Amino acid sequence: FSDPASNLGLEDIIRKALMGNLEERPE
Amino acid sequence: NRMYLVCPMNTSAHVDPQKSGHEVWEEFSHSFTPAVREVVEFAKKIPGFRDLSQPDQVSLLKAGTFEVLVVRFASLFDVKDRTVTFLGGKKYSVDTLRAMGAGDLLNSMFDFSEKLINLGLSEEEMSLFTAVVLVSADRSGIENVNSVEALQETLIRALRSLITKNHPNESAIFTKLLLKLPDLRSLNNMHSEQLLAFKVH
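Taken in order, these protein sequences are the chains called A and C. Quick note: the first sequence uses my numbering, first residue 381, plus one each step. Quick note: the second sequence uses my numbering, first residue 130, plus one each step.
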């Protein structure tokens, strides 16, 4: 369990937020 | 065999027994995602953070988001009343959370929150401290350690300067703040173990 962030799906959320993916933002 | 989610990043500790494991996980993810996005937005505003390589920005956020959230949500842990308020607004006593299965991490979170809040930092000081928490050159996977280290040192210098200016008679505050960094690492490790248990469950 070396990468809890990836297991949580955090990495995906972080990448999208860093790129400013507006489609992924809540209304 | 009722299941509870004792992490305050949930809206409630009670899990609907009708829901599948996947649905429970989706709901949990839905709860903490806005907070994670706020951490990313905060990071973007740290002067110099966006100048780091993109892989290093991701690595710092992956490793440090939990610690930033611990600092940010320290006030959810009411040390006086021994209660924890979840993001959905529900408040639980320590005894109730213990009965739901919360372990040593809960006590450690209370200890940390109490000590941090007792320092009486201003919003600006807390924000700068949070930036120092996030920008740590010794996180795993950092490619350009020198760049992260340089930014880390700049932030630590700024924090020291701000604390010295605001608390001229309390020189120990800066040292106490730096000593919070290993405490946060320890909480992060304990939390990762809990996540493992949760995923296995």
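Backbone N, C-alpha and C define an ideal beta-carbon position, used for all residues, glycine too. Keep in mind that this is a model prediction, so the values were computed, not measured.
Candidates the options, of which the one nearest residue i by Cα
i, options, result
"F171 of chain C", "C:G193, C:H159, C:V153, C:F206", "C:G193"
"V135 of chain C", "C:L324, C:A231, C:F241, C:R289", "C:A231"
"A260 of chain C", "C:S315, C:D240, C:P163, C:F178", "C:F178"
"L306 of chain C", "C:Q281, C:I285, C:G218, C:S276", "C:I285"
"M319 of chain C", "C:V165, C:P137, C:D233", "C:D233"
"E278 of chain C", "C:H143, C:S158, C:D180", "C:D180"
"A164 of chain C", "C:S182, C:Q323, C:K148, C:E196", "C:E196"
"V187 of chain C", "C:G150, C:I292, C:I246, C:E272", "C:E272"
"L257 of chain C", "C:E243, C:Q183, C:R166, C:Q281", "C:Q281"
"R314 of chain C", "C:V262, C:M229, C:N298", "C:V262"
"E254 of chain C", "C:S182, C:F157, C:T293", "C:T293"
"G389 of chain A", "C:V208, C:A228, C:H159, C:E252", "C:H159"
"E156 of chain C", "C:K173, C:S269, C:Y133", "C:Y133"
"H296 of chain C", "C:I175, C:S251, C:M229", "C:S251"
"S237 of chain C", "C:V208, C:M229, C:G217, C:A228", "C:V208"
"I175 of chain C", "C:G150, C:T283, C:L291, C:E152", "C:T283"
Proximity test, residue i beta-carbon vs the ligand HEM heavy atom, cut-off 8 Å
i, result
"T194 of chain C", "With respect to the ligand HEM, the structure shown offers nothing to examine, as it has no ligands at all."
8 Å contact criterion, which residue i and residue j should meet: CB distance rounded
i, j, result
"F202 of chain C", "T140 of chain C", "Rounded, the Cβ-Cβ distance is 14 Å, inconsistent with contact."
"K309 of chain C", "L235 of chain C", "No, K309 of chain C and L235 of chain C are not in contact; Cβ-Cβ is about 18 Å, not under 8 Å."
"F239 of chain C", "F206 of chain C", "5 Å"
"I394 of chain A", "V199 of chain C", "Actually they do not touch by this definition, with Cβ atoms about 17 Å apart."
"K220 of chain C", "T212 of chain C", "5 Å"
"I302 of chain C", "L248 of chain C", "6 Å"
"R289 of chain C", "L189 of chain C", "Actually they do not touch by this definition, with Cβ atoms about 21 Å apart."
Per-residue burial, residue i [other beta carbons within 10 Å of its own, 16 or more giving buried]
i, result
"D185 of chain C", "buried"
"K191 of chain C", "buried"
"A397 of chain A", "buried"
"L316 of chain C", "buried"
"P137 of chain C", "buried"
"Q323 of chain C", "buried"
"E407 of chain A", "At E407 of chain A, the pLDDT of 45 sits below 50, so the modelled position is not reliable; the number obtained from the coordinates is stated separately. E407 of chain A should be labelled exposed."
"A142 of chain C", "buried"
"L325 of chain C", "exposed"
"V264 of chain C", "buried"
"S182 of chain C", "exposed"
"S242 of chain C", "buried"
* chain A contacts made by the segment 149-163 of chain C, where a contact means CB separation under 7 Å -> If you check each beta-carbon in the segment 149-163 of chain C against every beta-carbon of chain A, the ones closer than 7 Å belong to S158, T162, P163.
* Any residues in the segment 200-227 of chain C with a beta carbon nearer than 8 Å to a beta carbon of chain A? Which ones, in chain order? -> Near chain A, meaning a CB-to-CB distance below 8 Å, no residue of the segment 200-227 of chain C qualifies.
* To do: Taking only beta carbons into account, state which residues of the segment 250-263 of chain C come closer than 8 Å to chain E, listed in chain order.
  => Protein chains A and C are contained in the structure displayed, whereas chain E is not.
* **Where the segment 176-194 of chain C meets chain A: residues whose CB sits under 8 Å from a CB there** => Listed in sequence order: Q183, Q186, V187, L190, K191, A192, T194.
* Let me know the alpha helix (DSSP H) ranges lying completely inside the segment 173-234 of chain C, each 4 residues or longer, listed in chain order. => With a minimum length of 4 residues, the unbroken runs of alpha helix (DSSP H) contained wholly in the segment 173-234 of chain C fall at 183-201, 223-228.
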